[in-house]
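Chemist:
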Amino acid sequence: MKIEACFLTFLTKPHGVSVGVRVVRSQEYKNTDQFPSPLEEAATMMMIRTNSLLHHAFFKLTGILITNSLTTTPLSSSRLGLESTLLASLLHSTSFSNNDDPPLSRYQKVSSLDDAFNLFDEMIQRKPLPSVIKFNQLLSALTKLNHFSCSLDLFKQMCAIGVPVDKYSMSIAIKCCCQMSRTNDGFALLASCFRRAVVPDVFVFNTLLDGLVIENRIAEAERLFKKLIKQKICEPNVVTYSTMIKGLCKFGNNDIAIGLLRLMDERGCKLNVVAYNIIIDSLCKDKMIEDAFKLFNEMVFAKGIQPDVITYTSLIYGLCNLCRWDEVSKLLKEMEEDLRISPDVKTFSILADAFCKEGRVDEAEAVIDIMVERGEVPNIVTYSSLVDGYCLRGEMTKARTLFDSLTSKGLVPTVITYNSLLNGYCKSLKIEEAMHMFHEITRKGLKPDIVSYSTMLQGLFRVGRCGAARKLFDEMRSQGLIPDEYTYGVILDGLCNNRQVEEALSLFHLVGDSKLNSDIVVYTILIEGAGKCGKLDIAKTLFHDLTVKGLQPDVRTYAVMISGLCGKGLVEEAKQLFLKMDESGCPPNNATYNVLLQGYLKKKKYDDVEKLLQEMDGRSYSLDASASALLIDRIAAGSLYRSLLKLISRLMPKELMETPS
DNA sequence: TTCGATTGTC
Numbered sequence: 001m002k003i004e005a006c007f008l009t010f011l012t013k014p015h016g017v018s019v020g021v022r023v024v025r026s027q028e029y030k031n032t033d034q035f036p037s038p039l040e041e042a043a044t045m046m047m048i049r050t051n052s053l054l055h056h057a058f059f060k061l062t063g064i065l066i067t068n069s070l071t072t073t074p075l076s077s078s079r080l081g082l083e084s085t086l087l088a089s090l091l092h093s094t095s096f097s098n099n100d101d102p103p104l105s106r107y108q109k110v111s112s113l114d115d116a117f118n119l120f121d122e123m124i125q126r127k128p129l130p131s132v133i134k135f136n137q138l139l140s141a142l143t144k145l146n147h148f149s150c151s152l153d154l155f156k157q158m159c160a161i162g163v164p165v166d167k168y169s170m171s172i173a174i175k176c177c178c179q180m181s182r183t184n185d186g187f188a189l190l191a192s193c194f195r196r197a198v199v200p201d202v203f204v205f206n207t208l209l210d211g212l213v214i215e216n217r218i219a220e221a222e223r224l225f226k227k228l229i230k231q232k233i234c235e236p237n238v239v240t241y242s243t244m245i246k247g248l249c250k251f252g253n254n255d256i257a258i259g260l261l262r263l264m265d266e267r268g269c270k271l272n273v274v275a276y277n278i279i280i281d282s283l284c285k286d287k288m289i290e291d292a293f294k295l296f297n298e299m300v301f302a303k304g305i306q307p308d309v310i311t312y313t314s315l316i317y318g319l320c321n322l323c324r325w326d327e328v329s330k331l332l333k334e335m336e337e338d339l340r341i342s343p344d345v346k347t348f349s350i351l352a353d354a355f356c357k358e359g360r361v362d363e364a365e366a367v368i369d370i371m372v373e374r375g376e377v378p379n380i381v382t383y384s385s386l387v388d389g390y391c392l393r394g395e396m397t398k399a400r401t402l403f404d405s406l407t408s409k410g411l412v413p414t415v416i417t418y419n420s421l422l423n424g425y426c427k428s429l430k431i432e433e434a435m436h437m438f439h440e441i442t443r444k445g446l447k448p449d450i451v452s453y454s455t456m457l458q459g460l461f462r463v464g465r466c467g468a469a470r471k472l473f474d475e476m477r478s479q480g481l482i483p484d485e486y487t488y489g490v491i492l493d494g495l496c497n498n499r500q501v502e503e504a505l506s507l508f509h510l511v512g513d514s515k516l517n518s519d520i521v522v523y524t525i526l527i528e529g530a531g532k533c534g535k536l537d538i539a540k541t542l543f544h545d546l547t548v549k550g551l552q553p554d555v556r557t558y559a560v561m562i563s564g565l566c567g568k569g570l571v572e573e574a575k576q577l578f579l580k581m582d583e584s585g586c587p588p589n590n591a592t593y594n595v596l597l598q599g600y601l602k603k604k605k606y607d608d609v610e611k612l613l614q615e616m617d618g619r620s621y622s623l624d625a626s627a628s629a630l631l632i633d634r635i636a637a638g639s640l641y642r643s644l645l646k647l648i649s650r651l652m653p654k655e656l657m658e659t660p661s
């Protein structure tokens, strides 16, 4: 008997385990009776080896597969105990794979562009031509490797040589267009469907809808979505709804997205975990974690839909973002121990990144060690987080060593990886090193993005090279990159710090971009810059403009304004503004207190100093470096009552207490 | 039920 491959399906039941075994035999032995018991035993052993977690295993003995005969053999748990050494040897002599995919044809197996082109050339020379299915399999494989452009080229050749392309070919070709942000070309292909007598189905429309979402053409996406329904072009399915939901979330319309989820439910479209995941993730990214959990609970308990690793990863990301570490570990425990869902590369990367952003690089390294132990392979994103972690701590040697080792790990740094290094070098004032890396981006065939440019601009301004910054800014625009609020913030801040407030102000007015002119962060930068340069009139005007524009100053805006006032000795005015914060619904924070405190100290308003210190103590706030220095100075000069010492020592930051200098 | 569509990391 020639058994060449067998499929196993494991079903875990409350009272035991039953194993469904599907044996695939070669065609010629189609009708043979029993399947051999050593194989059955081997199957059992395999299941034990894989810890019963594997629901589906593909057990390959030798060579090629074929056919189907299904036998279901319930196994008693006693038979799960293995005694036979024979079985062990059988297992050792065979290899098995956890891959539960059916064997792939050579058209689906292409692993490189060369493979694909060679195969294609061979195919089109055959007479008769292979079936369109074979061509589609090839296109699909290329698309899965993200070679959209090449896949599209082959599609065009297929059309040219007369392969009768069908709806599958069309949907793959349209997908390629859409993924390359060429959705209009996708619609052109849709038009050609009608010429070819191919009736586009819901798959094609879903792809096009997603293309519009990818290109941020949300209004058009909505129009298409409604048109499909109204004109009964096709019945939207769960993917259509989910794609539309994704688009709504992308534009910050979480509520409408949830509304659409309700609508699909009402219309009898079965909800699934993907639809929920999209909204849960969006809520997490928008820091609306409570709403995310509400939806999560609804999904699990009301709808009985099982969450998956993506659901948990989104929630963990949201919690990390809010530094809610206790809940992060609770959730990790829940997914692993209760639901047997293993964190994967992305989950681990998020954890490592969160530690890096907290400055806890050691712990990030430990996370990566754990993931490696668990058989997950860290990818470029994982290591980029670590590079960034080193850079944030100014550990540039470590950052560079890790970065340089990436290539030997077979990983290709992205622009984001480079941006971390640029940032690290700039913050360490190693502008030449930063410039060198900046040029390397292009040398490696990558394109610097607005973050790269903004980071370099910030570095150049910081070392006072305003001319070079100007040149780089022009270069950035000549590359077709549109500066965003962040870029402008960097430039305005840079100009102000180089005592060019008027220049900054005129740039601010010159741009006249609505987004820039109504960004509280940009305003705050300008107000701070003006204040620092002693141009209080400008700062006041800008601050006043805010109310005119209906913009709400945030806690930082107040702080820079208070600081500006204090800098000019207008402590009373600063105090009034400080008092106004609470009633404006923007209560002062630790930083605000420190700013005002310095103003009082400089003005020798010691009664106010004492009152403020008491308040800070009541709120468990602490002194920052400059306020502490000023306080110590005043105590040394004998200006402050020594009775305040105890209070002050309570408010001293820990770092300062530990390293007396 | 052997070719197509939706979700998470720097």
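In the UniProt record's numbering, the protein residues as written are 1 to 661. Beta carbons are placed, not taken as given, at the ideal position from N, Cα and C, and that holds for glycine.
Restricting to Cα atoms, I'd like to know which of G489, R443, G445 is closest to K455.
Modeler: Residue 455 is actually Thr in this sequence, not Lys. Of the candidates G489, R443, G445, the one whose C-alpha sits nearest the C-alpha of T455 is G489.
Chemist: Quick one, are the C-beta atoms of I450 and L481 less than 8 angstroms apart?
Modeler: Against a cut-off of 8 angstroms, the Cβ pair of L481 and I450 comes out as a contact.
Chemist: Consult DSSP for A530 and reduce its assignment to one of helix, strand or coil.
Modeler: Helix, per DSSP.
Chemist: Using a Cβ-Cβ cutoff of less than 6 angstroms, which residues in the same chain neighbour M299 once the five nearest sequence positions on both sides are dropped?
Modeler: Result list for M299: Y276, I305, in chain order.
Chemist: Between the C-alpha atoms of Y312 and P378, what's the straight-line distance to the nearest angstrom?
Modeler: Between Y312 and P378, the C-alpha separation is close to 19 angstroms.
Chemist: Secondary structure at M180, three-state DSSP: helix, strand or coil?
Modeler: DSSP places M180 in coil when its eight states are reduced to three.
Chemist: Check whether the Cβ atoms of A399 and L429 sit closer than 8 angstroms, and answer yes or no.
Modeler: Result no, Cβ atoms of A399 and L429 do not sit closer than 8 angstroms.
Chemist: Entirely within the region 381–453 and at least 4 residues each: give me those alpha helix (DSSP H) ranges in chain order.
Modeler: Segments of the alpha helix (DSSP H) lying fully in the region 381–453: 396–405, 415–427, 431–443.
Chemist: For the alpha helix (DSSP H) that contains R290, what are its first and last residues?
Modeler: Rather than Arg, the amino acid found at residue 290 in this sequence is Glu. Note, E290: alpha helix (DSSP H), 289–297.
Chemist: Please give the ranges of any alpha helix (DSSP H) in the region 189–215, keeping only runs that are unbroken, at least 4 residues long and fully inside the region.
Modeler: Listed in chain order, they are 202–214.
Chemist: Identify the continuous alpha helix (DSSP H) that holds D582 and give its terminal residues.
Modeler: That run of the alpha helix (DSSP H) goes 571–583.
Chemist: I need the DSSP call for C323, collapsed to helix, strand or coil.
Modeler: In the structure shown, C323 sits in coil (DSSP, three-state: anything other than H, G, I, E or B).
Chemist: Assuming T143 contacts I174 (C-beta within less than 8 angstroms), just tell me the rounded distance between them.
Modeler: Rounded, the Cβ-Cβ distance is 11 angstroms, inconsistent with contact.
Chemist: Compute the minimum distance between the beta carbon of L208 and the heavy atoms of the ligand MG, and state whether it is under 7 angstroms.
Modeler: Within the structure as shown, the ligand MG is missing, as the structure has no ligands at all.
Chemist: Taking 8 angstroms as the threshold (C-beta atoms), are L319 and V328 in contact?
Modeler: Taking 8 angstroms as the Cβ cut-off, V328 and L319 qualify as a contacting pair.
Chemist: So within the UniProt repeat "PPR" (237–271), which uninterrupted alpha helix (DSSP H) runs reach at least 4 residues, ignoring any that extend past its ends?
Modeler: Entirely contained in the UniProt repeat "PPR" (237–271), the alpha helix (DSSP H) runs reaching 4 residues are, in chain order, 238–250, 254–266.
Chemist: Pull up the distance between the alpha-carbon of I491 and that of E220, whole angstroms please.
Modeler: I491 and E220: Cα-Cα distance of roughly 35 angstroms.
Chemist: If S169 sits next to V132, beta carbons under 8 angstroms apart, how far is it from one beta carbon to the other, in whole angstroms?
Modeler: Rounded, the Cβ-Cβ distance is 6 angstroms, consistent with contact.
Chemist: Considering only the beta carbon of each residue, do D308 and I341 sit closer than 8 angstroms?
Modeler: Yes, the Cβ-Cβ distance between D308 and I341 is below 8 angstroms.
Chemist: Between F251, R262, F203, which lies nearest to L228 when the distance is taken from Cα to Cα?
Modeler: Checking every option, the nearest Cα to that of L228 belongs to F203.
Chemist: Exposed or buried, A629, counting other C-beta atoms within 10 Å across all chains shown (16 or more means buried)?
Modeler: Classification of A629: exposed, given that the 10 Å Cβ count is below 16.
Chemist: Run the CB neighbour count on H147, radius 10 Å, all protein chains shown included, and call it buried at 16 or more, exposed below.
Modeler: When all chains shown are included, H147 counts as buried.
Chemist: Pull up the distance between the alpha-carbon of S514 and that of G252, whole angstroms please.
Modeler: So the two alpha carbons sit approximately 19 angstroms from each other.
Chemist: Under three-state DSSP, which class holds I338?
Modeler: A quick correction: the sequence has Asp, not Ile, at residue 338. Looking at D338 - three-state DSSP - the assignment turns out to be helix.
Chemist: Below 7 angstroms CB to CB, which residues in the same chain sit around D493 once its five sequence neighbours on both sides are set aside?
Modeler: Cβ neighbours of D493 beyond the five flanking positions: I525, G529.
Chemist: Taking just the CA atoms, how far does K134 sit from N206?
Modeler: If I take the Cα positions, the gap works out to 24 angstroms.
Chemist: Beta carbon of I278, beta carbon of I245: below 8 angstroms?
Modeler: Going by C-beta atoms, I278 is nearer than 8 angstroms to I245.
Chemist: Using the beta-carbon count (16 or more within 10 Å), is K409 buried or exposed?
Modeler: The residue is exposed, with fewer than 16 neighbouring Cβ atoms inside 10 Å.
Chemist: Report buried or exposed for K575, applying the criterion of at least 16 other Cβ atoms within 10 angstroms of its Cβ.
Modeler: So K575 counts as buried.
Chemist: What span of residues does the alpha helix (DSSP H) with Q125 cover, start to end?
Modeler: First-last of the alpha helix (DSSP H) with Q125: 113–125.
Chemist: Can you give me the C-alpha to C-alpha distance between M561 and L644, rounded to a whole angstrom?
Modeler: For M561 and L644, the distance between alpha carbons rounds to 28 angstroms.
Chemist: Put R642 into one of helix, strand or coil per three-state DSSP.
Modeler: R642: helix per DSSP, three-state reduction.
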